[in-house]
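Numbering (my numbering), first residue to last: 51 to 548.
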Amino acid sequence: MPDLPTPKDAAEAALFSECWDAVLSYADLCTSGSTAANQLAREAFALGIREARAAEDGTARGSGRRSSRLPRIPLLLTAVRTTAATWEARGQGHKLDPDLRLWLNSDKAARYVGPPLSRPIALRGLRDMQEPDAALLWLAEVEALPLHAVVRRQGLDPTAAVEELNQVRGLFRDRCHRNHLDTPMDAECRSYVRLLDAVTRSPGADTPPDLSRHLATCVECAEAAACLRLHGGGLPAALAQGVIGWGGLAYLERRRRAAEVRLGAGRPDAPDAEGTATHLAASRARMLRGGMLAAAVLVSVVALAVSMMPGDTGAGSGGENVAQGNPADSTPVAGPGSVLPSADPATSAAPSSSGPAASASGTPSAPDDDAGKPDPEPQGTSSATAGAGGSEDTAACEVTYDLVNQWPDGFQATVTVTTAVTLDGWRVAWSFRDGQKVDQMWDASVAQNGSRVSATAADYNRSVSANGTLTFGFLASWQGKNSAPYAFTLNGQTCTNS
Numbered sequence: 051m052p053d054l055p056t057p058k059d060a061a062e063a064a065l066f067s068e069c070w071d072a073v074l075s076y077a078d079l080c081t082s083g084s085t086a087a088n089q090l091a092r093e094a095f096a097l098g099i100r101e102a103r104a105a106e107d108g109t110a111r112g113s114g115r116r117s118s119r120l121p122r123i124p125l126l127l128t129a130v131r132t133t134a135a136t137w138e139a140r141g142q143g144h145k146l147d148p149d150l151r152l153w154l155n156s157d158k159a160a161r162y163v164g165p166p167l168s169r170p171i172a173l174r175g176l177r178d179m180q181e182p183d184a185a186l187l188w189l190a191e192v193e194a195l196p197l198h199a200v201v202r203r204q205g206l207d208p209t210a211a212v213e214e215l216n217q218v219r220g221l222f223r224d225r226c227h228r229n230h231l232d233t234p235m236d237a238e239c240r241s242y243v244r245l246l247d248a249v250t251r252s253p254g255a256d257t258p259p260d261l262s263r264h265l266a267t268c269v270e271c272a273e274a275a276a277c278l279r280l281h282g283g284g285l286p287a288a289l290a291q292g293v294i295g296w297g298g299l300a301y302l303e304r305r306r307r308a309a310e311v312r313l314g315a316g317r318p319d320a321p322d323a324e325g326t327a328t329h330l331a332a333s334r335a336r337m338l339r340g341g342m343l344a345a346a347v348l349v350s351v352v353a354l355a356v357s358m359m360p361g362d363t364g365a366g367s368g369g370e371n372v373a374q375g376n377p378a379d380s381t382p383v384a385g386p387g388s389v390l391p392s393a394d395p396a397t398s399a400a401p402s403s404s405g406p407a408a409s410a411s412g413t414p415s416a417p418d419d420d421a422g423k424p425d426p427e428p429q430g431t432s433s434a435t436a437g438a439g440g441s442e443d444t445a446a447c448e449v450t451y452d453l454v455n456q457w458p459d460g461f462q463a464t465v466t467v468t469t470a471v472t473l474d475g476w477r478v479a480w481s482f483r484d485g486q487k488v489d490q491m492w493d494a495s496v497a498q499n500g501s502r503v504s505a506t507a508a509d510y511n512r513s514v515s516a517n518g519t520l521t522f523g524f525l526a527s528w529q530g531k532n533s534a535p536y537a538f539t540l541n542g543q544t545c546t547n548s
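Dropping the structure here:
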């Protein structure tokens, strides 16, 4: 096992400490155990530091012009990926995560080391920036450090921190746009370049249907759209996936969780000027959720007391099950399922009496994969609840699942949903049968818990008119079998398959 490089001075020693934490976090994702993670991290760290020092020495001996390279942390993370590929080639692949091994032997990994013009837009855009600007963008967006801490470490003016970060974001967008223009592409992609640039510049611009359909089937243009659209909160994911590659989103989530542990709840990269407002909003959200939870528990206790009263047959109001002692309230109001921390606590939904605890008829409802997880969208009245009154169940949505392309370890698919009602925000969820895992999604943000996947609307396509359609696409991996997904829901309501 190689020794870690010796820092040149105290400043580099402090930088090594922070970089090591990031490298070890990603190496842990890439390996099958803590011993292998530590070994991979040490080898990659030594490799990355040698490359960084060689580049710095070459710049010092040259004309002073900086060669195209990444800032220190993303450079070390790519060294982890490179070292993992070396392990796989040397017959040490058994130490790596099985999904990473599949990725390393696919065309996806080849993009990161192939011809420069075929590499991901985010990787090329970040390389083209001056290193201090690129480091500021990476630390604030991906590492989730507080903006005031990033500014202090970069030696910038604290009073102009927000403006500085916005300028760097705009610079990154310009570099990505230029690289997108330089990318070899077919005539169809070329015809959408100017439209894509215009749509992604304005926060309120609607994506034309033809462009939306193109983004759902073209990976390169979808990647470019994610880098060019600075609003909507998708920039961190675009950076992490475009620069790191495999496991980018998982690494991003780990860094955000680590920042929240160090700094407390709330968005860790919020500037100091907004800290008080963010804290108050989070406190109000917690109080609201606590109050609604207490109310739900109280209602459950009252219902249980009524069910135990003698002589109450509950005739005419669905009370037959109550008289028989049917344990309709046996399911906890808030289940113990794992919940990923939200960037904005105010958007977390409170428990609802129409959730999985009991159906309208008083009988226990069927278990749902989303139980115990916050739903950012309103649930409304489920079809089962509507049917309890004697009316015929009516599906509120219709889903078309289109398998666009498939290869030995992955596939591309598009989901189109037709809604019967007007939507101001939507969340589509479904389940996979064969352990498929979503790697990338466009026109929606993705979350996956086991076999259950959810896609949440972006800012630019959250509004859908009645009888209108919404569309998004994704890339995913599979092994052995790739059956079509099932149990589609829209904002909690069951959809039919077309």
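Note that beta-carbon positions come from the ideal geometry of N, C-alpha and C, so glycine has one too.
In this structure, VAL243 keeps its C-beta atom at 8 Å or more from the C-beta atom of LEU261. Counting the other Cβ atoms within 10 Å of the Cβ of ALA534 gives fewer than 16, which makes it exposed. In this structure, VAL454 and ALA446 do not form a Cβ contact; the two beta carbons are roughly 26 Å apart against a cut-off of 8 Å. By the criterion of a C-beta distance shorter than 6 Å, ALA91 is surrounded in its chain by VAL73, LEU74 and ALA77, once the five residues flanking it on both sides are discounted. Taking LEU540 as the centre and dropping the five residues before and after it, the same chain places the C-beta of ALA446, CYS447, VAL467, THR469, TRP476 and VAL478 closer than 7 Å to its C-beta, in chain order. Excluding the 5 residues flanking it on each side, GLY175 has same chain C-beta neighbours closer than 7 Å at PHE222, ARG225, CYS226, ASN229 and CYS277, in chain order. With a minimum length of 4 residues, the unbroken runs of alpha helix (DSSP H) contained wholly in the stretch 230–259 fall at 237–241 and 243–251. One alpha carbon belongs to ARG140, the other to LEU120, and they sit about 27 Å apart.
In this structure, ALA255 sits away from ASP493, with a CB-CB distance that is not shorter than 8 Å.
Counting only the Cα atoms, ALA287 lies some 8 Å from VAL192. Inter-residue distance for TRP296 and LEU150 is about 7 Å (C-alpha atoms, whole angstroms). Taking a C-beta distance under 8 Å as the contact criterion, PRO170 and GLU101 do not qualify as a contact pair.
If you compare the alpha carbons of ASP474, ALA210 and ALA275 with that of THR506, the shortest gap goes to ASP474. For the set GLN486, ALA190, ASN499 and GLY83, the Cα lying nearest the Cα of ASN216 is the one of ALA190. Within the same chain, GLN462, ASP489 and GLN490 come within 6 Å of LEU525 by CB-CB distance, once the 5 residues on both sides are set aside. Taking C-beta separations shorter than 8 Å and ignoring five residues to either side along the sequence, GLY164 has no partners in its chain. Taking the C-beta atoms as reference points, THR450 is found nearer than 8 Å to SER548. With 16 or more neighbouring CB atoms inside 10 Å of its own CB, ASP183 falls in the buried class. In the displayed model, ASP459 falls within coil according to three-state DSSP, outside both helix and strand. For the 8 Å CB-CB criterion, SER84 and LYS145 do not form a contact. Collapsing the DSSP output to three states places GLU68 in a helix. The DSSP assignment places 269–278 and 285–294 as complete runs of the alpha helix (DSSP H) inside the stretch 264–300, in order along the chain (cut-off: 4 residues).
Residue burial is scored here from C-beta neighbours: VAL311 has fewer than 16 other C-beta atoms within 10 angstroms and is therefore classed as exposed. The Cβ atoms of GLU214 and LEU206 lie closer than 8 Å to each other. In this structure, the CA atom of LEU65 is about 21 Å from the CA atom of ALA87. For ASP178 and GLY518, the gap between their C-alpha atoms comes out near 41 Å. Rounded to the nearest whole angstrom, the CA to CA distance from SER495 to ALA508 is 7 Å. Between LEU152 and SER501, the C-beta spacing is not below 8 Å. Taking C-beta separations shorter than 7 Å and ignoring five residues to either side along the sequence, THR209 has no partners in its chain. If you ignore the 5 residues before and after ARG202, its C-beta comes within less than 6 Å of no other C-beta in its own chain. If you look at VAL130, you'll find it in the alpha helix (DSSP H) that goes 122–139. In the three-state DSSP reduction, LEU146 falls in the strand class (E or B). Between the alpha carbons of TRP480 and ALA308 lies a gap of roughly 29 Å. A straight line joining the alpha-carbon of LEU79 with that of SER252 spans about 36 Å.
No Cβ-Cβ contact shorter than 8 Å links LEU125 with ALA94.
Contact between ALA172 and LEU299 is absent: CB atoms are separated by about 13 Å, not below the 8 Å threshold.
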